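Student: Shown below is the structure under consideration.
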Amino acid sequence: MLKMRGALLVGATILALPLVAGAPGTATAQRIGVTSAVTGDPTGKPPDEIERVLHVGIDVKAGEVVTTGAADRAHLLFLDGTALTISNQAQVTLDRFVYDADQKLGDLAITATKGVFRLVGGRISKKTPVIVVTPSATLTIRGGITMFSVEPTKTTATFVFGYEMTMTGQGRTQTVTVPGFQVSALLGQPPGPATRPARGSLVENISRLEAVGGRPDASADRAAKETGFADANSGKGPNALGPVQGGPAPRGSGGASGPGGQPRIGGPGIGGFDSGFGPTLNPPTGSAPRPAP
């Protein structure tokens, strides 16, 4: 039974938090976003807390593991306006989130174990790439929208719109800056070249994201927009002021969640989503990123 519900506006005042490394064993994980729409009964397991069903309006926390069953789907909205849609039969860990609008800095890293996902970058991705670790590759998404499917031995990512997407594996990186191209990597092998998806090859993944059973439904995206996070955060542009929001700061360079260090300066943020790909797409021009505007 479809149980899509409208999103709840989270009105609690967000306290300013210092940019410091999260201490191990913290009893209560920091709130980093909200469950804005659901189908079925997806679950979340925060660190040191019991697993619970992610109903609409339930906060998600740093380090939380989100799992969906065969009839489930979840749409998460982070405090910087980043949106993550999670298909059925998926699992993702919200490894790291920090957001300091005063310093115009942020960091977001997740580990996707299985499933299909769509990430729409918020304010963090305008300056620092969002990092996605999978069993076979590491993705970065900068100022844009990416759809990716994760299997135990294969990761495929499609660059939908925006500034830049990269896939790294076995010491080799492929960069895509042209919407509509995708890159795949098998476990233990470097990613292949960027290619145009075959006609109709994305239909199944899109169906898994939009609704269980292949019934397209944009309610989750509307619900996410109605929470107001996008207008309050990602919609302001990279120079807007605001408090520090989110969980523990980055733990430094390297590590299981990908590279850290200073953020790269990127282009403007991207809003909206269109699952269609334009008829006139040019192939990527190489692995070097485009100059920042």
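In case it helps, my numbering puts the sequence shown at residues 52 to 344.
Note that beta-carbon positions come from the ideal geometry of N, C-alpha and C, so glycine has one too.
Keep in mind that this is a model prediction, so the values were computed, not measured.
(1) Where does the unbroken beta strand (DSSP E) through Val111 begin, and where does it stop?
(2) Quick check on Arg147: buried or exposed, where buried means 16 or more other Cβ atoms within 10 Å of its Cβ?
(3) With a 10 Å radius around its C-beta and 16 neighbouring C-beta atoms as the bar for buried, classify Val263 as buried or exposed.
(4) Compute the distance between the beta-carbons of Gly220 and Gln233, then report whether it is under 8 Å.
(5) Restricting to Cα atoms, I'd like to know which of Val117, Val143, Arg174 is closest to Asp92.
(6) Should Thr206 be labelled buried (16 or more other beta-carbon atoms within 10 Å of its own) or exposed?
(7) Pick out the complete beta strand (DSSP E) segments inside the segment 174-248, 3 residues or longer, and give them in chain order.
(8) Let me confirm a value: Thr191 is counted as buried when at least 16 other C-beta atoms fall within 10 Å, else exposed. Which label applies?
(9) So the candidates are Leu127, Thr197, Leu145; which of them puts its Cα closest to the Cα of Gly114?
(10) Pull up the distance between the alpha-carbon of Pro248 and that of Thr226, whole angstroms please.
(11) Can you tell me which of the three DSSP states Leu130 falls into?
(12) Run through DSSP, which three-state label would Phe168 get?
(13) For Phe199, tell me which candidate among Arg174, Val254, Lys177 has the shortest Cα-Cα distance.
(14) How is the beta strand (DSSP E) around Ser87 delimited, first residue to last?
(15) Just the C-alpha distance for Glu100 and Glu215, rounded to the nearest angstrom, thanks.
(16) Which residue's Cα is closest to the Cα of Ala188: Ile161, Gly195, Lys178?
(17) What residue range is occupied by the uninterrupted alpha helix (DSSP H) comprising Val254?
(18) Looking at the unbroken beta strand (DSSP E) that takes in Leu105, where does it start and where does it end?
(19) Based on the DSSP secondary-structure assignment, which residues constitute the bridge partners of Leu135?
(20) Can the beta-carbon of Leu260 be found closer than 8 Å to that of Arg174?
(21) Let me check one thing: in DSSP terms, what residues is Gln142 bridge-paired to?
(22) Looking at the unbroken beta strand (DSSP E) that takes in Gly251, where does it start and where does it end?
(23) From this set, Arg250, Glu202, Ala125, Ala88, which residue's C-alpha is nearest Leu237's C-alpha?
(24) Measuring CA to CA, which of Lys112, Glu102, Pro98 is closest to Thr86?
(25) Taking the C-alpha atoms as reference points, what is the distance between Met218 and Gly166?
(26) Relative to the C-alpha of Leu135, which candidate in Pro244, Val89, Thr246 has its C-alpha closest?
Tutor: In terms of the structure at hand:
(1) 110-112
(2) buried
(3) Below a pLDDT of 50, predicted positions are generally treated as unreliable, and Val263, at 48, falls in that range; no measurement from the model is reported.
(4) The answer is no: Cβ separation not under 8 Å.
(5) Val117
(6) buried
(7) 181-184, 189-193, 196-202, 205-212, 215-220, 223-227, 233-237
(8) Under this definition Thr191 is a buried residue.
(9) Leu145
(10) 16 Å
(11) Note: Leu130 maps to coil in three-state DSSP.
(12) In this structure, Phe168 counts as strand in the three-state DSSP scheme.
(13) Val254
(14) 82-90
(15) 36 Å
(16) Closest option to Ala188, Cα to Cα, is Ile161.
(17) 254-261
(18) Element bounds for Leu105: n/a, residue is neither H nor E.
(19) Leu127, Leu170
(20) no
(21) Thr118, Lys165
(22) No beta strand (DSSP E) contains Gly251, which DSSP labels as neither H nor E.
(23) Glu202
(24) Lys112
(25) Looking at the two C-alpha atoms, the distance is approximately 17 Å.
(26) Val89
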